[in-house]
Structure formats: structure tokens, C-alpha cells
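Report on the following structure.
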Amino acid sequence: MTDVIVAEGLRKEFTVRVRAGRLRREKRRVAAVDGVDLRVARGEMLGYIGPNGAGKSTTLKMLTGVLMPSAGEVRVCGLRPVAERTRLALRIGVVFGQRSQLWWDLPLRDSFALLRHVYRVPADAHAARLRRCRSLLDLDAFLDVPVRQLSLGQRMRGELTAALLHGPEVLFLDEPTIGLDVVSRQAVRGFLAELGRAGDTTLVLTTHDLADIERLCARLVVVDHGRVVHDGSIAELHRRYGSRRLLVADLETAPARPPALPGAPLERVEADGHRLVYALESAGVADVVAALAGLGALRDVSIVEPDIEDVVARLYRREDQGCSITSTAKVPGASAS
Amino acid sequence: MGSVTATVAPSRAPNVILWFRTFKAITGSGFRRYATYRQASVAGLVTNVVFGFLRCYVLLAAAGAAGTVAGYDRGQLATFVWVSQGLLAVVLLWGWTELADRIRSGEVAADLLRPVHPVTAYLAADLGRAGHAVLVRMLPPVLVGPLFFEVHVPSRWATGPLFAVSVLAAVVLCFGCRFLVNATAYWLHDVRGAMILWTVCSGVLAGLYFPLRFLPEWLQAVLWLGTPFPSLLQTPLDVLVERDPTGVQVALVGLQLAWTVVILAACRWVQRRAERHLVVQGG
Chain A
1 MTDVIVAEGL
11 RKEFTVRVRA
21 GRLRREKRRV
31 AAVDGVDLRV
41 ARGEMLGYIG
51 PNGAGKSTTL
61 KMLTGVLMPS
71 AGEVRVCGLR
81 PVAERTRLAL
91 RIGVVFGQRS
101 QLWWDLPLRD
111 SFALLRHVYR
121 VPADAHAARL
131 RRCRSLLDLD
141 AFLDVPVRQL
151 SLGQRMRGEL
161 TAALLHGPEV
171 LFLDEPTIGL
181 DVVSRQAVRG
191 FLAELGRAGD
201 TTLVLTTHDL
211 ADIERLCARL
221 VVVDHGRVVH
231 DGSIAELHRR
241 YGSRRLLVAD
251 LETAPARPPA
261 LPGAPLERVE
271 ADGHRLVYAL
281 ESAGVADVVA
291 ALAGLGALRD
301 VSIVEPDIED
311 VVARLYRRED
321 QGCSITSTAK
331 VPGASAS
Chain B
1 MGSVTATVAP
11 SRAPNVILWF
21 RTFKAITGSG
31 FRRYATYRQA
41 SVAGLVTNVV
51 FGFLRCYVLL
61 AAAGAAGTVA
71 GYDRGQLATF
81 VWVSQGLLAV
91 VLLWGWTELA
101 DRIRSGEVAA
111 DLLRPVHPVT
121 AYLAADLGRA
131 GHAVLVRMLP
141 PVLVGPLFFE
151 VHVPSRWATG
161 PLFAVSVLAA
171 VVLCFGCRFL
181 VNATAYWLHD
191 VRGAMILWTV
201 CSGVLAGLYF
211 PLRFLPEWLQ
221 AVLWLGTPFP
231 SLLQTPLDVL
241 VERDPTGVQV
251 ALVGLQLAWT
261 VVILAACRWV
271 QRRAERHLVV
281 QGG
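Sequence lines, in order, name chains A and B. If you're matching positions, the first sequence starts at 1 in full-length UniProt numbering and goes up one per residue. If you're matching positions, the second sequence starts at 1 in full-length UniProt numbering and goes up one per residue.
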């Protein structure tokens with residue numbers, strides 16, 4: 001398989017002016033992205049996550065040619081993103097959840113027609129893709145409404161369509177489900193899952209909603225303070241950070257002392273000793289249940305699967321302790337420095 | 001899903017034709033975007049007509065009993081005023097901050113993600129806007145003026161085509177100037193200062209407040225050759241009212257075209273500089 005995205009030692013520094021006295025401003029260099037190496041194969045679906053200010057969006061902007069890297073090498077579809085930006089634009093699709101790419105004053109239908117000419121897509125291919133998106137994303141009800149009057153969920157469905165009409169090889173999604181209600185979120189996820197199943201579009205997704213990642217991405221890259229701190233599957237992440245399944249047992253009578261079970265250390269005791277929580281390490285569910293049943297009447301038993309949010313939260317906190325660089329405050333806007 | 005994601009089959013039409021199709025489509029969208037705001041168009045139109053009366057009476061008073069001032073007769077002055085009231089909205093001297101707003105909000109990132117150079121895309125959209133303005137903002141004052149004043153009607157055959165070229169050049173040139181003023185937002189974040197400077201300079205030096213021919217000749221030469229401002233309004237209007245012989249008309253339009261090339265080149269240069277140092281913050 002060929003790699004459609006190759007980044008080596010990718011780095012982006014910003015100058016931040018900090019007030020240091022009544023009139024004096026101090027200039028400080030802050031690395032938003034600090035040596036990211038990344039290879040993404042064709043058709044891969046990659047989740048790119050990290051806490052606020054970790055450098056996710058900055059990385060995406062460098063991969064799409066919007067921002068010039070301070071250092072490092074990047075190739076997307078074999079092209080250098082900044083130097084060959086307009087050529088690259090024909091081959092990638094981008095959705096920034098917090099920004100619109102549609103024309104504010106025009107109805108979606110006109111925006112889509114205009115995009116056909118901007119991206120020079122043959123009429124039949126354009127029509128076929130639009131038809132598909134209309135049925136999968138339920139666009140028909142608001143195709144003739146100006147973009148400024150669409151709800152966020154409707155607009156986002158429009159943005160996704162706009163990003164796909166030219167049949168991009170790579171789709172970059174920066175928080176595509178941010179602020180969406182449950183129904184719109186499911187629609188977007190379902191649509192992306194179907195896109196992934198077809199297998200010829202590479203997808204890079206940044207999000208704070210880990211359910212997006214669990215549904216869509218086999219591979220997860222976690223960044224923090226501009227560095228990659230995990231690159232692998234979700235299962236690998238659980239293994240590495242020792243997240244375990246938990247067995248929760250509710251008992252009729254609280255035992256005087258919770259029993260110690262081999263291969264299943266006691267995590268915690270709740271509800272005045274009526275609820276015991278064991279971590280399942282090497283012991284099987286049946287062994288633990290049998291041992292607990294010996295204590296008296298079992299009211300209820302449940303198994304809690306490891307929660308990805310917990311693992312990631314632990315990961316972020318750990319990185320935080322190990323690092324003293326402060327992340328930059330974000331002000332929306334663009335400027336040249 | 002195959003049909004959505006299938007890789008684009010490259011079109012076989014030659015590049016130039018595709019480029020023109022893209023340009024035309026963006027121009028059409030510019031036209032439609034402005035056609036959306038009908039009430040705004042009417043409000044602007046009413047203002048233009050009211051100020052047309054004011055300016056016309058002031059200039060005719062300046063001409064006085066002699067009937068001529070700075071080489072214009074009464075009819076030429078009336079034409080000058082009424083066409084300039086329409087042309088003002090066509091070249092759009094003031095009130096365009098779209099690019100600056102998009103730079104400030106970071107939306108400009110979306111412009112960079114299109115397969116069209118930003119200067120080209122904004123220019124195409126602006127030509128569509130100008131086309132809309134010719135129909136909705138320029139025609140009415142041009143038709144209202146002759147109802148109340150005696151106007152000069154061009155008599156030379158070359159004036160029509162020269163005026164058309166001159167208006168087109170003025171639109172492109174004015175777009176270029178506005179693009180440069182807006183692009184200061186890449187460095188300054190806040191363009192209000194640059195915008196006020198532009199508004200004052202362009203109003204005075206483009207010949208809107210008074211015809212520049214009222215000024216001493218040496219100053220006229222400095223303004224025409226040294227700044228793009230007279231080429232924005234004064235030149236097309238002087239061409240239309242036939243103040244000078246045909247040779248001078250052609251020379252003025254030539255100068256205008258030269259300024260247009262210079263300013264567009266400056267736009268591309270500034271855009272390239274800005275992109276190299278662009279910072280898009282937040283999200």
C-alpha cells in the first residue's frame with residue numbers, strides 16, 4: 001500500500017506576545033506542533049485526537065497547505081501542500097467544523113453548482129455524487145435555503161457534501177460533529193462509516209467526541225503539546241494504559257471484609273459495602289461470580305467495558321505532569337507575522 | 001458509495017477553456033450574491049440619486065453665468081455628475097471589507113483550500129458584483145439625470161468602446177486597490193485605519209468630490225502618473241464627456257490599463273507574502 005500522507009519532523013512555531021509590564025511586550029516562541037511523524041496509507045481512517053491546544057488543527061492546516069511548516073517534510077498525495085496548494089486542493093476535501101466553506105448568501109444548490117466549476121468536475125460525475133449525498137444526508141429539504149439560514153446540523157451536512165463533490169482522495173475533517181445534536185451526529189457518523197467501507201477515500205478526523213473515533217477509526221493518533229504520544233489501535237491504547245474491564249456486584253448483605261480474589265483485585269467498595277467493584281485481570285467472570293455468590297445473595301452483577309474517555313483523560317493528565325510548556329491561548333482569526 | 005468517492009476523471013477540455021468556465025461561474029455567483037439584497041440596492045440607489053442632485057447644482061453654480069469651468073460646459077458637468085453617481089457603485093469605491101473580515105475571523109483558510117488563486121477568485125466574484133451594479137445601480141441615475149438637466153451626449157464613435165474599456169479597467173483596478181487595503185489585515189488585524197485613509201484619499205483623488213481638472217496642471221500630472229486614484233473614476237468620466245481630443249482619451253485609458261497591471265501584480269505579490277507567514281488561530 002502506498003502512503004498518501006507522509007510527514008516527518010513536522011513543526012510549527014508561533015510568536016506569542018505576552019504583556020510584561022505596563023507597556024513592554026515580550027515575544028515568546030511557542031511550538032504548537034513539535035516534531036510530528038505521520039504516515040497514513042490509502043483508504044485508512046485515522047482518528048487524530050488531543051486536548052485543546054495540542055496542535056491537532058495546526059497539523060491539519062499544514063497537511064492541507066493553509067499553513068507553512070516551520071520545519072519538517074510533508075507530502076500529501078505526493079505533493080508539497082503549500083507550494084502546490086491549488087493542485088492539492090483538487091485532490092483533497094476539507095471540512096473545518098468551526099468554519100464554513102459554503103457561500104453565505106447562496107442556497108446550497110447554487111454553492112454545489114459553483115463548486116462543480118471551481119473543481120472542474122464533469123457534469124455526470126458531479127450529478128452522481130450529489131445524488132448519493134442527497135439521499136444519504138437527507139439534503140433535499142433545505143437545498144434551496146441560503147446557507148446563512150441553515151441550522152448548524154444542516155450546514156454541516158452541506159459542508160460534508162461540498163467537500164466530497166470532487167471525489168477527493170483524502171478527506172480531512174476537523175471536529176465535524178462539534179455542536180451537533182444526536183440525530184445530526186449520527187447522520188454524519190453513519191455517512192462517514194459508509195465512506196470508510198468503500199475503502200478508496202483516506203480519512204483524517206480530529207474530534208473531542210471519542211465516540212466518533214470508536215465508530216469510525218481503526219487507528220488512533222494521540223497528540224499532546226505538539227507531539228505524538230500514541231499511535232496505534234484503540235485496543236492497544238487500552239492495553240498500554242492498563243484499562244481493564246470491571247465487574248460490579250451488588251450484594252444483599254454487606255460482607256464484613258470484601259474477599260480478595262486471585263486475578264481480580266478489588267477496585268473499590270461502594271454503597272456501604274453493598275457494592276463491590278473488581279477489576280478483571282486474569283480471572284474469568286464465572287470464577288469471580290462464583291466466589292461472590294458464596295458470600296450470600298447476589299442482587300445484581302454487571303460488567304463495565306473500559307471507557308475510552310477514561311483512558312484518554314488519564315493519558316492527557318499524565319502528559320501534563322511530564323511537561324511544563326504552556327499551550328497558547330486561542331483567538332480565532334488569521335494574521336501574518 | 002462508489003459514485004461518491006470515485007477518483008475524478010480528468011476532463012479532456014483544454015485548460016484555458018476550463019479556466020474561463022471556472023472564472024465565469026464565480027462571476028455568476030458574485031452577481032447572484034448581490035442580487036439577493038434587493039432592499040440594500042434600493043437604499044443605495046436612492047442615496048446616489050439624492051446626492052446626484054446636490055453635486056450637480058453645486059458644479060453648475062461653479063460654472064456660473066459663463067457656463068464653463070475647467071474645460072467642461074454645463075452639459076458635460078451634468079453628465080459627469082450623473083454618470084459618476086452610478087459609476088461609484090460599479091467600481092465600488094467604498095464599503096468592501098469582505099476579505100479583511102475573513103482574515104480576521106480565519107475564514108480565509110477556506111479560500112486557500114480552493115483550487116483557484118485567491119486573487120483570481122475574488123476578482124471574478126467582484127466582476128459579477130460590478131455587472132449587477134451596472135444594471136441596478138448605474139442605469140437609474142443615468143436615466144434620471146437627463147430628466148432634470150441638460151446633459152452632454154457623446155458624439156464621437158470611438159467614445160463608446162473607449163468608455164466600456166475604461167469602466168472595465170476601473171472596476172478591476174479598484175478591486176485591486178480594495179484587495180490591497182483589505183490585505184493589510186494579514187499584518188494589522190484591524191483595518192479600520194487603513195480603510196479610513198483609503199476612503200478619504202479615494203474620494204478626493206479619484207475625482208468624486210470635484211473633477212480633478214479643477215486642480216493646477218502640474219498637480220494633475222502628479223496624480224495621474226503617480227497614483228492610481230484618477231484612473232478609478234475621473235478617467236472613465238473624462239472619456240465619456242469628451243473633454244479632450246481622441247488622442248488624449250486613448251492615452252488616459254492606456255495609463256489606466258498600465259495601473260491595473262501594476263496593482264494586480266502587487267495583489268499577487270502581497271498575497272504570496274501573506275500566505276508564507278499566515279497564522280490561522282483557534283480551531
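Note that the Cβ used here is the ideal one computed from N, Cα and C, for glycine as well. Treat the numbers as computed from the prediction; the structure is a model and nothing was measured.
Item: For B/E275, the nearest candidate out of A/L160, A/T86, A/V118 (CA to CA); Value: A/T86
Item: B/G52 and B/P154 closer than 9 Å at C-beta; Value: no
Item: Own chain residues within Cβ distance below 6 Å of B/W94, not counting five before or after; Value: T199
Item: Where B/H132 meets chain A, residues with beta-carbon distance less than 7 Å; Value: Within 7 Å Cβ-Cβ: nothing; B/H132 doesn't reach chain A, min ~12 Å.
Item: 9 Å Cβ cutoff, residue 341 of chain A in contact with chain B; Value: Coverage of chain A is limited to positions 1 through 337, which leaves residue 341 of chain A absent and any answer about it impossible.
Item: Complete alpha helix (DSSP H) runs within the segment 215-246 of chain A (minimum length 4 residues, chain order); Value: 234-240
Item: Per-residue DSSP class, three states only, for B/I17; Value: helix
Item: Test: A/A89 CB closer than 9 Å to a CB of chain B; Value: yes
Item: Residue closest to A/V311, alpha-carbon to alpha-carbon, out of A/G50, A/V204, A/V145; Value: A/G50
Item: Element boundaries [beta strand (DSSP E), containing A/T15]; Value: 3-19
Item: Proximal chain A residues relative to B/V136, where beta-carbon distance stays under 8 Å; Value: Near B/V136 there are no residues of chain A at all, since even the closest Cβ is about 15 Å away, more than 8 Å.
Item: A/V222 vs A/L237 beta-carbon contact at 9 Å; Value: yes
Item: The segment 76-86 of chain A contacting the segment 143-163 of chain A, beta-carbon criterion three pairs below 8 Å; Value: no
Item: B/A169 versus B/R268, B/Q256, B/W19, B/R32, residue with shortest Cα-Cα distance; Value: B/Q256
Item: Interface positions of the segment 62-88 of chain A facing chain B (Cβ-Cβ less than 8 Å), listed along the chain; Value: T64, G65, V66, L67, M68, V82, R85, T86, R87
Item: Contact with chain D by B/A110, beta-carbon distance below 9 Å; Value: Given the protein chain composition of this structure (A and B), no chain D is represented.
Item: Neighbour flag for B/A121 against chain A, beta carbons, 9 Å; Value: yes
Item: Span of the alpha helix (DSSP H), counted from its first residue to its last, around residue 338 of chain A; Value: Residue numbering for chain A in the displayed model covers 1 to 337; residue 338 of chain A lies beyond these limits and cannot be assessed.
Item: Cβ contact (3+ pairs, closer than 8 Å) linking the segment 84-91 of chain B and the segment 131-145 of chain B; Value: yes
Item: 7 Å Cβ cut-off: residues of chain B touching A/D231; Value: What A/D231 touches in chain B: nothing, since even the nearest Cβ is about 23 Å away.
Item: As assigned by DSSP and simplified to three states, the class of B/A274; Value: helix
Item: Local Cβ density within 10 Å of B/E242, reported as buried at 16 or more and exposed below that; Value: buried
Item: Sufficient close CB pairs (3 or more, under 8 Å) joining the segment 190-203 of chain A to the segment 24-35 of chain A; Value: no
Item: Beta bridge counterpart(s) of A/T202 as assigned by DSSP; Value: A/V170
Item: Among B/V191, B/V16, B/D244, the one whose alpha carbon lies nearest that of B/L162; Value: B/D244
Item: DSSP beta-bridge partners of A/R28; Value: A/V16
Item: Beta-carbon proximity of A/V76 to A/G226, cut-off 9 Å; Value: no
Item: B/G103, enclosing alpha helix (DSSP H) - first and last residue; Value: The identity of residue 103 of chain B in the sequence shown is Ile, whereas the question assumes Gly. Where B/I103 is concerned, the enclosing alpha helix (DSSP H) stretches over 98-105.
Item: Same chain only: Cβ atoms within 8 Å of B/L215, ignoring 5 sequence neighbours per side; Value: L223
Item: DSSP three-state assignment for A/G47, whether helix, strand or coil; Value: strand
Item: Extent of the continuous beta strand (DSSP E) to which A/S302 belongs; Value: 298-304
Item: Pair within 9 Å by beta-carbon distance, A/G55 and A/V33; Value: yes
Item: Any C-beta of chain A under 9 Å from that of B/T36; Value: yes
Item: Residue closest to B/A130, alpha-carbon to alpha-carbon, out of B/V172, B/I263, B/Q234, B/L278; Value: B/V172
Item: contact_flag[the segment 12-27 of chain B, the segment 43-60 of chain B] where n(CB pairs < 8 Å) is 3 or more; Value: no
Item: Cα-Cα separation between A/A193 and A/R11, rounded to whole angstroms; Value: 31 Å
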